[in-house]
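**Student:** Starting off with a structure, shown below.
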Amino acid sequence: MSRQRWRISGARITEEEVNARVATARADIAAVLAEVLDDDAGLARIYALHGQQAPPSISDAAPAEDDQSGQVQAVCDRIAMLETTLAQAARPGGPSMEAGFYLSAARRFLFELRSGLAGRSLAAEDAFRLLSTVRHDLQEADRTLHAEQRLPLAEPVLVRLGELRELTRELTGQMDPLTEQVMRLFGRSKDPAVVPAPQH
Amino acid sequence: MASDVAAAAAAQACYPPPGRAAEPTGGAERPAVSGELTVLSETVANVEFNAFYHAERVPLVRFVMFLGADPDTAEDVAQTAFTRAFPVWRTIRFPRAWLRKVAQNEYFGHCRAAARETSLDAAPGRADRAAGVSAALALEQQAHTRQFLAAGIAGLPPKQRQVMAWTWDGFSDAEIAAHFGDSEAAVRKNRSRAMKNLRRLLTDEGRGAK
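Chains F and B, in that order, are what the protein sequence lines are. Residue numbering for the first sequence follows the numbering used here, beginning at -14 and increasing consecutively. Residue numbering for the second sequence follows the numbering used here, beginning at 581 and increasing consecutively.
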């Protein structure tokens, strides 16, 4: 019935118009859902179902004056977590002095990155340089550990080297998502900038 | 629209977070770093999961709505998919696709269960369902969107709805074909038919509204 009516009456809407309707609907739905869905409550339900306590929400953990501060805080929290792990991995008396040197350096640069982001005093180029340096140090630590694993060392030392290397690679793997998060802060992702460029 | 799709594809390229560690190896007496690694891995996994949940919950609910679900059902289905993802999060290689596949199966399972009372095509978007969440109420205020869902999406056969929902979320023909177990040609054919149907359905809806 409707098909017949369409044939008789002629022009249908174009594909571009359909795409425009889709884009409008997607935007409308996203806006409404973002307003009404409570992510923290949703996460809490998931954690509770698996017998865990939900992590405190960003807004609970660090009351931010606005959403931008919340995003910066989230990135800083992530960096702080990596710093803590690096501090444990690079503590004195570890199996590899050279790897420890690189891991300590990576931690220092992460600290510098976190301080700069938290203080809004870091230019995008400096942030990416620090990220690149941390990644380089982690890769160097991994390379060093890999070389030392081939030395004729006692079994417990080799095991420790292997595990330290695994930890280093895990940390290296965190650099891509961290870089993406930092890019987003500076508006070099699809999202708008959060951290304005410092005035020099 | 094109930039939307490109952005979605770019976002997908960011996942999975690389460097997910294999199971640690070692002797019976595990050095301290093992515990550190485990704690780090769990913490990182939770941080990633939380960030992913915040970023992807709305798109996933919307995806399920574009499969034909009403907002209440879409929210439930999306939440179920995330709940299933949580314990296996570190093993999921492509979370966006994984969540959508689980949500899609969950939704059509829900439709099959409801088929005792109503047909698959009658279930989505039916007007008699009591709106249990404010999302449904709020969405009703978006007249154009409501019409698009009721007149356009609900009028498509399920397979065409699926193809369009995946396409609008930025997945390529090859990715959709892989997830459906179809050929790329079949995906293209379904998309072409869906677009033709949408043009007809929305034209009819426009005339009916006049």
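For glycine and all other residues, C-beta sits at the position ideal for the given N, C-alpha and C. Please read these numbers as outputs of a predicted model, since none were measured by experiment.
By the criterion of Cβ-Cβ separation under 8 Å, what are the contact partners of E0/F in chain B?
**Tutor:** Residue 0/F sits at position 15 when you count from the first residue of the first sequence. Within chain B, the residues near E0/F are M775, R779.
**Student:** Cβ atoms of T623/B and L34/F: under 7 Å apart, would you say?
**Tutor:** Taking the first sequence and counting its residues from 1, one reaches residue 34/F at position 49. Taking the second sequence and counting its residues from 1, one reaches residue 623/B at position 43. No, Cβ-Cβ distance for L34/F and T623/B is not below 7 Å.
**Student:** By Cβ distance, which residues of its chain are closer than 6 Å to E83/F, with the 5 residues on each side in sequence left out?
**Tutor:** Looking up residue 83/F in the first sequence gives position 98. Hits under 6 Å: T129.
**Student:** Ends of the alpha helix (DSSP H) at F760/B?
**Tutor:** Taking the second sequence and counting its residues from 1, one reaches residue 760/B at position 180. Start and end: 753 to 760.
**Student:** How about L88/F and L71/F: are their beta carbons less than 7 Å apart?
**Tutor:** For the purposes of this step, residue 88/F is taken as the residue at position 103 of the first sequence. For the purposes of this step, residue 71/F is taken as the residue at position 86 of the first sequence. Yes. Within cutoff.
**Student:** Check whether the segment 655 to 672 of chain B touches the segment 741 to 756 of chain B, counting contact only when three or more Cβ pairs, one atom from each stretch, lie closer than 8 Å.
**Tutor:** no
**Student:** Report buried or exposed for D708/B, applying the criterion of at least 16 other Cβ atoms within 10 angstroms of its Cβ.
**Tutor:** Here residue 708/B refers to the residue found at position 128 of the second sequence. Only weak support exists for where D708/B lies, its pLDDT of 37 falling under 50; the value from the coordinates is given anyway. The residue in question, D708/B, is exposed, as its Cβ has fewer than 16 Cβ neighbours within 10 Å.
**Student:** Between the segment 727 to 743 of chain B and the segment 19 to 33 of chain F, are three or more C-beta pairs nearer than 8 Å?
**Tutor:** no
**Student:** Thinking C-alpha only, which one of C61/F, L107/F, A139/F, N4/F is nearest V627/B?
**Tutor:** Here residue 627/B corresponds to residue number 47 of the second sequence, with the count starting at 1. Here the closest residue by C-alpha is C61/F.
**Student:** At what residues does the alpha helix (DSSP H) containing A694/B begin and finish?
**Tutor:** Numbered from its first residue, the second sequence carries residue 694/B at position 114. For A694/B, the enclosing alpha helix (DSSP H) has its first and last residue at 675 to 694.
**Student:** Against chain F, does P675/B count as a neighbour if the rule is that its beta carbon must be under 7 Å from one of theirs?
**Tutor:** Taking the second sequence and counting its residues from 1, one reaches residue 675/B at position 95. No, its Cβ sits nowhere closer than 7 Å to a Cβ of chain F.
**Student:** If contact means a Cβ-Cβ distance below 8 Å, which residues of the segment 0 to 22 of chain F contact chain B?
**Tutor:** E0, E2, V3, N4, A5, R6, V7, A8, T9, A10, R11, D13, I14, A15, V17, L18, A19, E20, V21, L22
**Student:** So with CB distances below 8 Å, who are the chain B contacts of M82/F?
**Tutor:** Here the question's residue 82/F lines up with position 97 in the first sequence. Within chain B, no residue has its beta carbon less than 8 Å from that of M82/F; the closest one is some 16 Å off.
**Student:** Considering only the beta carbon of each residue, do E68/F and L95/F sit closer than 7 Å?
**Tutor:** The residue you call residue 68/F lines up with position 83 of the first sequence. The residue you call residue 95/F lines up with position 110 of the first sequence. Cβ atoms of E68/F and L95/F: closer than 7 Å.
**Student:** Could you pull out every residue in the same chain whose Cβ sits closer than 8 Å to the Cβ of R637/B, ignoring the five residues on either side in sequence?
**Tutor:** As a position in the second sequence, residue 637/B is number 57, starting the count at 1. For R637/B, where only same-chain residues beyond five positions count, the Cβ hits under 8 Å are A658, F662.
**Student:** For T605/B, count neighbouring C-beta atoms within 10 Å of its own C-beta (all shown protein chains included) and say buried if the count is 16 or more, exposed if not.
**Tutor:** Taking the first residue of the second sequence as position 1, residue 605/B is located at position 25. Model confidence at T605/B stands at a pLDDT of 29, short of 50, so the residue's coordinates are unreliable; what they give is reported in the following sentence. Classification of T605/B: exposed, given that the 10 Å Cβ count is below 16.
**Student:** So that I know if they touch, is there some Cβ in chain F lying closer than 7 Å to that of Q742/B?
**Tutor:** On the second sequence, position 162 is the one that residue 742/B refers to. Answer no: the Cβ-Cβ gap between Q742/B and chain F never drops below 7 Å.
**Student:** Look at the alpha carbon of E686/B and the alpha carbon of A29/F, and state the distance between them as a whole number of angstroms.
**Tutor:** Residue 686/B sits at position 106 when you count from the first residue of the second sequence. Residue 29/F sits at position 44 when you count from the first residue of the first sequence. Rounded to whole angstroms, E686/B and A29/F show a C-alpha spacing of 21 Å.
**Student:** Do we get a CB-CB distance below 7 Å when we pair T783/B with the residues of chain F?
**Tutor:** Taking the second sequence and counting its residues from 1, the one referred to as residue 783/B is at position 203. By this cut-off, T783/B is an interface position.
**Student:** By Cβ distance, which residues of its chain are closer than 7 Å to A16/F, with the 5 residues on each side in sequence left out?
**Tutor:** In the first sequence, counting from the first residue as 1, residue 16/F sits at position 31. Excluding sequence neighbours, A16/F sits near nothing in its chain.
**Student:** Quick one: is P162/F buried, meaning 16 or more other Cβ sit within 10 Å of its Cβ, or exposed?
**Tutor:** Within the first sequence, numbered from 1, the residue matching residue 162/F stands at position 177. By the 10 Å Cβ count, P162/F comes out buried.
**Student:** Any beta-carbon of chain B closer than 7 Å to the one on D24/F?
**Tutor:** For the purposes of this step, residue 24/F is taken as residue 39 along the first sequence, with counting starting at 1. Yes, because at least one Cβ of chain B sits closer than 7 Å to the Cβ of D24/F.
**Student:** Who are the neighbours of E628/B on chain F, taking C-beta pairs under 8 Å?
**Tutor:** Along the second sequence, one-based indexing puts residue 628/B at 48. P162, listed in chain order.
**Student:** Can the beta-carbon of N770/B be found less than 7 Å from the beta-carbon of V743/B?
**Tutor:** In the second sequence, counting from the first residue as 1, residue 770/B sits at position 190. In the second sequence, counting from the first residue as 1, residue 743/B sits at position 163. Yes, they are a contact pair.
**Student:** Give a yes or no on whether the C-beta atoms belonging to L152/F and L123/F are separated by under 7 Å.
**Tutor:** Here the question's residue 152/F lines up with position 167 in the first sequence. Here the question's residue 123/F lines up with position 138 in the first sequence. No, Cβ-Cβ distance for L152/F and L123/F is not below 7 Å.
**Student:** Tell me the rounded alpha-carbon separation between G172/F and A91/F.
**Tutor:** Indexing the first sequence from 1 puts residue 172/F at position 187. Indexing the first sequence from 1 puts residue 91/F at position 106. For G172/F and A91/F, the distance between alpha carbons rounds to 25 Å.
**Student:** Measure the alpha-carbon distance for A711/B versus C691/B and round it to whole angstroms.
**Tutor:** If you number the second sequence from 1, residue 711/B lands on position 131. If you number the second sequence from 1, residue 691/B lands on position 111. At A711/B, the pLDDT of 43 sits below 50, so the modelled position is not reliable; the number obtained from the coordinates is stated separately. Those two C-alpha atoms are separated by around 18 Å.
**Student:** Using DSSP with H/G/I as helix, E/B as strand and the rest coil, what is D23/F?
**Tutor:** Indexing the first sequence from 1 puts residue 23/F at position 38. It is coil, neither helix nor strand.
**Student:** For the alpha helix (DSSP H) holding W669/B, just list the boundary residues, first then last.
**Tutor:** Reading the second sequence from its first residue, position 89 is the one you call residue 669/B. From DSSP, W669/B is part of no alpha helix (DSSP H); its letter is neither H nor E.
**Student:** Could you check if L679/B is buried or exposed, using at least 16 other CB atoms within 10 Å of its CB as the buried criterion?
**Tutor:** Here residue 679/B corresponds to residue number 99 of the second sequence, with the count starting at 1. Classification of L679/B: buried, given that the 10 Å Cβ count is 16 or more.
**Student:** Just to check my reading of the structure: H758/B and L647/B have Cβ atoms closer than 8 Å, yes? What is that Cβ distance to the nearest angstrom?
**Tutor:** Position 178 of the second sequence holds residue 758/B. Position 67 of the second sequence holds residue 647/B. For the record, residue 758/B in the displayed sequence is Ala; it is not His. So it is not a contact: roughly 18 Å between Cβ atoms.
**Student:** Suppose you measure from the CA of A625/B to the CA of R642/B; what does that come to, to the nearest Å?
**Tutor:** By one-based count along the second sequence, residue 625/B stands at place 45. By one-based count along the second sequence, residue 642/B stands at place 62. Spanning the two alpha carbons is a distance of roughly 25 Å.
**Student:** Determine the closest residue to A730/B out of T(-1)/F, A5/F, A10/F, R105/F, with distance taken between C-alpha atoms.
**Tutor:** On the second sequence, residue 730/B is found 150 positions in, with the first residue counted as 1. The candidate whose alpha carbon is nearest that of A730/B is A10/F.
**Student:** So T783/B packs on I(-2)/F, CB below 8 Å; how close in whole Å?
**Tutor:** Position 203 of the second sequence, counted from the first residue, corresponds to residue 783/B. Position 13 of the first sequence, counted from the first residue, corresponds to residue -2/F. Contact flag correct, Cβ pair sits at about 5 Å.
**Student:** Report the residues of the segment 112 to 136 of chain F with a CB closer than 7 Å to any CB of chain B, ordered along the chain.
**Tutor:** Listed in sequence order: no entries.
**Student:** Just the chain B side, please: which residues come within less than 8 Å of G27/F by C-beta, in chain order?
**Tutor:** In the first sequence, the residue the question calls residue 27/F occupies position 42. Under the 8 Å cutoff, chain B gives Y633, R637, Q659, F662.
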